[in-house]
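Per our numbering, the sequence shown starts with residue 20, numbered consecutively.
Working notes, structure below.
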Amino acid sequence: MIGHIRDIEVVREILTAHTFWHLRGLKADLVLVSEEAASYEEPLVGDLRRLIEAQAHLIGVDQPGGVYLRSATKISKEDLIALQAAARMVVVAARGTLRQQLAATKPVNVKSQLLSPGRHFREESSAPLPFMELKYFNGLGGFTEDGKEFVIYLGPEQQTPLPWVNIMGNSKFGALVSESGADFVWGSNSQNDRLTPWFNDPISDPPGTAIYIRDDDLGVVWSPTPQPIRESDAYRARHGQGYTTFEHNSHAIEQELVTFVPIDEAGGLPVRLQRLRLRNSSSRRRKLTVTSYATLVLGSDPEETSMHVVTKWDLQSKSLFARNSYQLELCEHIVLAASTPAPTSFSGDRTAFIGRNRSLHDPAATEHERLTGDTGAGLDPCAALQVVVEIDPEQSAEITFLLGQADDEEKARALVNRFRDPANVEAALEETRRWWDRLLDTIEVKTPELSTNFLLNRWLLYQTLSCRVWGRSALYQSSGAYGFRDQLQDVMALVHAAPEIARNHILRAAARQFVEGDVQHWWHPESGVGVRTRISDDLLWLPFVTAHYVRTTGDAAILDQIVAFLEAKPLEAQQTESLSIPVVSHTEGTLLEHCRRAIVRSATAGPHGLPLIGGGDWNDGLNRVGLGGKGESVWLAWFEICVLNDFSELLALRELHDEAKACLARADQLAQAIDAQAWDGGWYRRGYLDDGTPIGSKENAEARIDSLPQTWAAISGAGDSNRVEVALRSLEENLVREADNLILLFTPPFDKTAADIGYIKAYPPGVRENGGQYTHAATWVAMAFARQGDGDKAVRLLRMLNPIEHARDEKDCERYKVEPYVVPGDVYSLAGPVGRGGWTWYTGAAAWTYRVWLEEILGFQRRGNTLTINPVIPKDWSGFRLRYRFQNTIYRIAVENPEHCSRGVTLVELDGVAAADKIVTLRDDALPHEVRVVLGIEPSE
C-alpha cells in the first residue's frame, strides 16, 4: 500500500523480488494499492503503472501470479479489508524498506538452551495400574458395573483394531478423543471452525494435540496417553459421558489425565479442559516439565488457513491467543491456549517445536530447557505451552490445559481467569457429570438383558445428543452441517429427556424451508449456506417429527410459532441440486403452515399412482432413479401415509376437520395404489425407474428385495395384514443373516447392473447402503415385527444390532473392529470382511434404536400428561422395570409377565389403585409413585 510518490522505491524493490520469484517458478499475486486522493491525473497511479509495464512481459498483469494495480478510492471498504485479510503479508510503503519491514515481523526468540540433565538417578519402577472389574470384558475393554464408563486397557503391544473414540461437547463446542489420546477439537462448527486438525485416518490415528512429561533430572520424555510416545507400561482409557480419563503409571509417576468439555444448565462453555494429576511414587523429589501442544487450524483445512493464522502472547492473561481474520463468519473470534498454573514458556511456531525431519513422536522442543516464545504472522501456527512443577515423594501436582474460543479478547481472558482456579476446574468436571446424569436418568430401565440396559440408560442418547445433534462430527465423517431429515429424526428420541432441544430444532428446521415448500437437504447454521435438491422425502420429516413431538409432550402451542421461509432461485429443469445462501423471506407462516406446505409439495404421482422419487428418497444413493420425472418410490408412499395420518391429528387439534379428512383420503388413495401396483407376489417392490422397470422385484438380478417397503407396510398400519405377514416373512428369509448377526438393507447388492440407479453403485457390493447392514433401516425391521406383536423376534433382531454383542471377545473384536459401546451406521456383508463395522457415532441409528426399545418393546408411550405401558417382549421375560422422572416427580414402573406372554396388558395400577382404561395420569407433585403393569393372555387368544 502506497500513498506518496516518495515511497515508490519500496514498490520497485517489491516488484524486483516478485519478478525473481516468478522466474524461479514461485507464483504469487502482488496487489499494489494506491492510497492517493482521487484526482483527474492520479500521478502516483501513473508512475506505478509505468513501473509495472517495465516487467509486465515477465510477470503478467491482472492474471493469476501477476501484478494487480488498484486504487483504494475505487475499492469498497469491505473488499479492502478482505484483501488485507487474505494477504500473506501487507507492506505499507511509508514504513520503510522491505528489509526493515521484514525484520519487524521476525519473532524475537527467547534463547532456549538444550536441556542438560543434571544429577544422575536410577529409574525407579512403577506400580501397575490397579485392577478394575468390568462387565462384558472382551480382552481390550468392558463396562463399569453401572455402565457409565467403557474402559479400555492397553497392555504392552496391545491396541484396538481401529480407534475407539469418545465425542464430548455442548451446543457451542466439542472434542473427539480416541483411546490413544489422539483428538480433534472444534468450536461452533466441526467443519468450518476446527481449532485442531480432523485427520479421518483410522489406521495411524495421528494426534493433533499432545501432552509431554519430561523428567528434567534424567532427560526422559513420555506422554500420559499412548500417543504420541508409546511406552511398554500399560495405559487405561475410560470413556464416560462428557469426559475421558487416561491412567498411566511410568517412571515412578502416577498419571491421570481427564479430558472434558464443560456443560451446565446455562449451556456450557466453549473450551476443552485437560486436567493432569501427577503423583510422585518415587523416593526423590521430582522436577517435571509438562508441555501441551496443539496444531492450530482455525477453519476447515490447515493447508488453506495456516497462512492466515496469527498468534500472540497475551501478557494480561498469560495465555496464547490466535486469530484468523480471513475466516469470514469468525474473523473476530479468539482461540486461546492457557494453563493452570500459568505457563513458564510458550511457542506459536510448529516448525520450531517439531524440528527438522522429526514428528510429534520426538519433537525438538522437548530437548530444550524451554520453548522459544515465537508468535506472530508467517509461522506454521501452533499453541505450545510449558509448565514446570516440582513434586516431593508421595505428593501430587495438578496442571490444567485449556484450549478454547471466545468472541473477543476480553471474553478470552475471562475464560482463562475462570479456570486459573483449580477449584473451578474440579467444579466444572463434577457439574458436567451431573448434567449428563440428570439428562440420562430421565428414564432408566432394568430388563433381563444387561447389555440392553447399558445402551438404553447411557450410551444411545449420549451418542444422539453429543455427536449427532451437537457435534455433527466423528472420526469417519465431519460435516458440521445439519441434515434436514437427519437431526429431525434424532430429536425424536429426545422428547422425554430434553424436549426443549427437540422443540428448538423443529423450529430451526422449519426455518430452512423455501416458500415453495421444499427444503435445504443440508445447511451450515452460521452462514445458512446449503444445498437445494430434488430429494423427495426430506420435507415430509418436518410434519412427521412435529406430530411425534406434539403427541408426546402435549405442546400444541408449537404449531402456532411463526417461522420465516427462505427464498432462492428454483432449480432449473435439468438441475439436480444447487448450493447457495438463500435469503430469509418476508413471507412467514406458523409451524402448522410449514408442515402443510411440505405435504402439498409432496403430493406427487407417477404412472403407477405412487409418489415420485425425484433425486432420491431416504436412500440418497438412489439419486438417479427418477431424474426423468417418472421414477416412483413405494417406501415413500408408505411413509407419506404415516405423515398424512399424523398430520390429520394436528389439523384436528386446530379444528380443521375438512383438511384432515382430505389427508386421510389421500392416505387411503396411496394405500390402494400400493396394493394395486407394488405387490410383487412375496413382498412389496421398492419402486420404479423412469422407464417403468421395477426395482426390488423378483424380476431383478440385483436388489431383488429391499427391507424398507416391507417394514413400513407394517409400521404405517396401512398394509393388507396378510400381505404384510408374507412380506415380513420374505424379509426374514432373504435379509436376516443370523449366523453373521446382520440385517441387510437389500439383496443382492448392485454390482453389474447397467441401470443408472445412482451413486449407490460406487460402494463395493455389501458395503453401506449397497447391500450391507444399514443399521438405521435395520432398526425398522425390529420395529415392524414389534408392531406385529412378535416380541421374541423383535428382541432377537435388536440383539443382532447391539454393538456389545458384536464384540464379546478378542476374536469378535478383530472381526467387528469398531467401538462396542455405540451403534455403527453400517456393518459390512462383503465376503472377507463380513461383520466388520463401518463408520460409527455419526448415525441416526442410535436414536431409532433407543425409540424402538423404549416405545415398541417396553411399550412406553407418553401422551401429554398421560402414560401407557403396552409392551411387546420375549415370552421368556418375567418382566422388567422402569424409573421415569416426570418433571420433578419419580414414577417407578414394574411390569410383570406371570403367564409369559409377548403382549396383552390385563392390569395397570397406580399407587395400588387400578388405573381407568389402563392409563396413568401423570402429576408433577414431587411425590414418589408406584405403577404396576401385569401382562396376561393376549386378547386374540
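We put the CB at the ideal spot given by N, CA and C, even for glycine.
All values derive from a computational prediction rather than experimental measurement.
Cα atoms of Ser726 and Leu764: separation of roughly 6 Å, rounded to the nearest angstrom.
A contact between stretches requires three or more CB pairs, one per stretch, nearer than 8 Å, and the region 751-764 fails this requirement with the region 615-633. The beta-bridge partner set that DSSP reports for Glu607 consists of Ala583. Below 8 Å, enough C-beta pairs join the region 406-423 and the region 286-306 to call them touching: three or more. Beta-bridge partners assigned by DSSP to Pro713: Tyr707.
For Val277, the enclosing beta strand (DSSP E) has its first and last residue at 272-279. With respect to the 7 Å criterion, Asn664 and Ala695 are not classified as neighbours on the basis of their beta carbons. Using a Cβ distance threshold of 7 Å, Ala313 and Val328 do not count as a contacting pair. Beta-bridge partners assigned by DSSP to Met187: Ala194. For Gln532, the pairing in a beta bridge is given by DSSP as Val538. Pairing Phe279 with Tyr262 gives a Cβ-Cβ distance under 7 Å. In the DSSP assignment, Gly863 falls outside any alpha helix (DSSP H), carrying neither H nor E.
Less than 7 Å divides the Cβ of Pro382 from the Cβ of Phe372. The DSSP assignment places complete alpha helix (DSSP H) segments of no fewer than 4 residues inside the region 247-325 at 321-324, in order along the chain. Taking all protein chains in view, the Cβ of Met108 is surrounded by fewer than 16 other Cβ atoms within 10 Å, so the residue is classified as exposed.
Nearest to Ala442 by alpha-carbon distance, out of Gly700, Lys430, Gly392, Pro360, is Pro360. Of Tyr172, Ser223, Thr179, the smallest CA-CA separation from Asp252 is found for Tyr172.
Here the alpha carbon of Gly536 sits roughly 34 Å from the alpha carbon of Arg742. The alpha carbon of Thr623 has as its nearest neighbour, out of Asp556, Arg487, Leu670, the alpha carbon of Asp556. The three-state secondary structure of Val435, taken from DSSP, is helix. When C-alpha distances from His795 are compared across Ile779, Leu817, Tyr782, Ile577, the shortest belongs to Leu817. One thing to note: Ser325 has its Cβ no nearer than 7 Å to the Cβ of Gln210. Between Leu42 and Leu288, the alpha-carbon positions lie close to 51 Å from each other. Look at the region 608-636 and you find no whole run of beta strand (DSSP E) that is 3 residues long or longer.
Annotated three-state conformation of Lys465 is strand, per DSSP. Fewer than three Cβ pairs drawn from the region 800-820 and the region 158-170 lie within less than 8 Å of each other, which leaves the two stretches out of contact. Here the region 840-856 makes no contact with the region 899-913; the two share fewer than three CB pairs at distances below 8 Å. Where Arg806 is concerned, the enclosing alpha helix (DSSP H) starts and stops at 794-806. In this chain, the beta strand (DSSP E) harbouring Asp368 covers 364-368. In this structure, the CA atom of Glu54 is about 21 Å from the CA atom of Gln119.
The beta carbon of His567 lies closer than 8 Å to those of Met511, Val514, Asp665 in the same chain, with the five residues before and after it left out.
In chain order, Asn157, Gly158 place their CB closer than 8 Å to the CB of Asp828, counting only its own chain and leaving out the 5 sequence neighbours on each side. Here DSSP, grouped into helix, strand and coil, assigns Arg342 to strand. Assignment of Val406 by DSSP, reduced to helix, strand and coil, places it in the strand class.
Here the region 515-529 lies against the region 573-587, with 3 or more beta-carbon pairs under 8 Å apart. When the five nearest sequence neighbours on each side are left out, the beta carbons in the same chain lying within less than 8 Å of the beta carbon of Ala516 are those of Leu458, Leu459, Thr461, Ile462, Leu480, in order along the chain.
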